[in-house]
Amino acid sequence: MREIFVILFVILVLLGLTALRYRKQIAGILGLARALKDAKDAVGQSRTISSDDATSIPLVNCSKCGVWVPQNKARKIGEIFYCSDECVQLQKSS
């Protein structure tokens, strides 16, 4: 039974010396793993945010020039949407 403890002690000492020798490499690997995890979390959060923003405001087509603009920024006259006051004036003059 005593021999098992001596063998385990020797193995632990060897592992400790190995970790001491390669501590910079071990720290680098742990830092890289942390950076990859943070990048993965950031990508997941940005996808969630952008998908909510993209579906909240519909786009409408300007009937004069054909430009697509968000519905809340478009000018609406009757049932027709325009991208700006200039397009409204051009439509009235033609």
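Each residue of the sequence shown is one higher than the one before, counting from 682 in the working numbering. We put the beta carbon where it would ideally sit given N, CA and C, even for glycine.
With DSSP as the reference, identify every bridge partner of residue 751, one or two as the case may be.
Here residue 751 refers to the residue found at position 70 of the sequence shown. Answer by DSSP bridge pairing, in chain order: 740.
Thinking residue 758 and residue 769 are a contact (beta carbons under 8 Å), I'd like their distance in whole angstroms, please.
Walking along the sequence shown from the start, residue 758 turns up at place 77. Walking along the sequence shown from the start, residue 769 turns up at place 88. Right, the Cβ-Cβ distance comes to about 7 Å (below 8 Å), so this counts as a contact.
Going by C-alpha distance, which of 739, 683, 760 is nearest residue 753?
Locating residue 753 in the sequence shown gives position 72, counting from the first residue. Of the candidates 739, 683, 760, the one whose C-alpha sits nearest the C-alpha of residue 753 is 739.
If you follow the beta strand (DSSP E) that residue 757 is part of, which residue opens it and which one closes it?
Translated into the one-based positions of the sequence shown, residue 757 becomes position 76. Segment 756–758, the beta strand (DSSP E) holding residue 757.
What residue does the beta strand (DSSP E) around residue 763 start on, and which one ends it?
To locate residue 763, count along the sequence shown from 1; it is residue 82. Segment 761–763, the beta strand (DSSP E) holding residue 763.
Using only CA atoms, which one of 761, 689, 693 lies nearest to residue 791?
Outside the shown range of the chain, which is 682 to 775, sits residue 791, and nothing can be said about it.
Return the chain-ordered list of same chain residues with a C-beta closer than 7 Å to the C-beta of residue 737, the five sequence neighbours on each side being excluded.
In the sequence shown, counting from the first residue as 1, residue 737 sits at position 56. Here the set comprises nothing.
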